[in-house]
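J.:
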Amino acid sequence: MSGRVKLMEQLMRPNRSKLKRTLLHKPSRWNIVRGDTVQVIQKNHPEYGKQGTVAQVLRDRMRIVVEGVNVAPRRLKGDAERGVKGQTIMKERSMHYSNVNLVDPVTGFPTKVTYSFLEDGTKVRISKRSGAIIPKPDILTQRPPRNLVSSKESDTIDDGEVWEATYDADRPSKWAAMREELLKTLEEKQGANAIASS
41 MSGRVKLMEQ LMRPNRSKLK RTLLHKPSRW NIVRGDTVQV IQKNHPEYGK QGTVAQVLRD
101 RMRIVVEGVN VAPRRLKGDA ERGVKGQTIM KERSMHYSNV NLVDPVTGFP TKVTYSFLED
161 GTKVRISKRS GAIIPKPDIL TQRPPRNLVS SKESDTIDDG EVWEATYDAD RPSKWAAMRE
221 ELLKTLEEKQ GANAIASS
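Heads up: the sequence shown begins at 41 in the working numbering, then just goes up one per residue.
#1: State the beta-bridge partners of residue 113 as determined by DSSP.
#2: To the nearest angstrom, how far is the alpha carbon of residue 102 from that of residue 142?
#3: Reducing DSSP to helix, strand and coil, say where residue 72 ends up.
#4: Are there 16 or more other CB atoms within 10 angstroms of the CB of residue 72, so buried, or fewer, so exposed?
#5: Out of 107, 43, 162, 236, which one is the CA nearest neighbour of residue 91?
#6: On the criterion of 16 or more Cβ atoms from any shown chain inside 10 Å, does residue 88 qualify as buried, or is it exposed?
#7: Keeping to the same chain, check which residues put their C-beta closer than 7 Å to that of residue 175; ignore five residues upstream and five downstream.
#8: Taking the C-alpha atoms as reference points, what is the distance between residue 231 and residue 223?
#9: Check residue 95 in the structure and name its three-state DSSP category.
#10: Tell me whether residue 45 is buried or exposed, calling it buried when 16 or more other Cβ atoms sit within 10 Å of its Cβ.
#11: Helix, strand or coil: how does DSSP classify residue 230 here?
#12: Within its chain, find whatever has a CB closer than 6 Å to the CB of residue 81; leave out the 5 residues flanking it on each side and keep chain order.
#13: Please confirm whether residue 94 and residue 75 have their CB atoms less than 8 Å apart.
#14: Which one of 113, 96, 235, 147 has the shortest CA to CA distance from residue 167?
Rendered as structure tokens:
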């Protein structure tokens, strides 16, 4: 039985939804990054033709979140103990990355992308529609701030404690002392065994 026939048999089974997830093609490289301007190209999508900026890229799920596109109501729970009421907010939902294309910076229409190298060796995205370079957004160079813990109180009182030498090279380490004790006990046991055997 050929591989094509086996694949067709698996696809014709009733619970083929599980199989489709395994057969999905994950892209080897992502043309769309956070901060790019994209347009919805899927014709049966309710937001067809809308443009927006990519707010988030979910590569493990092959989905993206576009600002102002695919907005739906979302219910936030309230907390009676704190006195916070529940409310409904409008929030962007994610969509599959194949439903959108990058917007050509020259024409303003969606385009496919190819890659090329400049004379200085930098890799750039090239629009297939106009041949223009699509630069990476500036937002990628900005890193989100980290929650760094900084202590205002110092453990040392004065500068002398900072520069004080605390390592003593003459003092043997505790591991060396333990090793010597272990070797002594082994020698004693071997001597006792030698006396017992003779």
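Every residue, glycine too, gets a C-beta built ideally from N, C-alpha and C.
T.: Reading it off the structure:
#1: Translated into positions along the sequence shown, residue 113 becomes position 73. Answer is 130.
#2: Position 62 of the sequence shown, counted from the start, is the residue given in the question as residue 102. Position 102 of the sequence shown, counted from the start, is the residue given in the question as residue 142. Here the C-alpha atom of residue 102 lies approximately 16 Å from the C-alpha atom of residue 142.
#3: Here residue 72 refers to the residue found at position 32 of the sequence shown. For residue 72, the three-state secondary structure derived from DSSP is coil.
#4: In the sequence shown, the residue the question calls residue 72 occupies position 32. Buried, since its Cβ has 16 or more Cβ neighbours within 10 Å.
#5: Taking the first residue of the sequence shown as position 1, residue 91 is located at position 51. Residue 91 has its Cα closest to that of 107, out of 107, 43, 162, 236.
#6: The residue you call residue 88 lines up with position 48 of the sequence shown. Residue 88 comes out exposed.
#7: Locating residue 175 in the sequence shown gives position 135, counting from the first residue. If we look at residue 175 and ignore the five residues flanking it on each side, it has no Cβ neighbours.
#8: Here the question's residue 231 lines up with position 191 in the sequence shown. Here the question's residue 223 lines up with position 183 in the sequence shown. One C-alpha to the other measures close to 12 Å.
#9: The residue labelled residue 95 in the question sits at position 55 within the sequence shown. Three-state result, residue 95: strand.
#10: What you label residue 45 is simply residue 5 of the sequence shown in a count that begins at 1. With fewer than 16 Cβ atoms within 10 Å of its Cβ, residue 45 is classed as exposed.
#11: For the purposes of this step, residue 230 is taken as residue 190 along the sequence shown, with counting starting at 1. Residue 230: helix per DSSP, three-state reduction.
#12: Indexing the sequence shown from 1 puts residue 81 at position 41. The beta carbon of residue 81 sits closer than 6 Å to the beta carbons of 141, 150 from its chain, once the five residues preceding and following it are set aside; these are given in chain order.
#13: Sequence index remark: in the sequence shown, residue 94 carries index 54 (1-based). Sequence index remark: in the sequence shown, residue 75 carries index 35 (1-based). Cβ atoms of residue 94 and residue 75: closer than 8 Å.
#14: By one-based count along the sequence shown, residue 167 stands at place 127. Closest by alpha carbon: 147.
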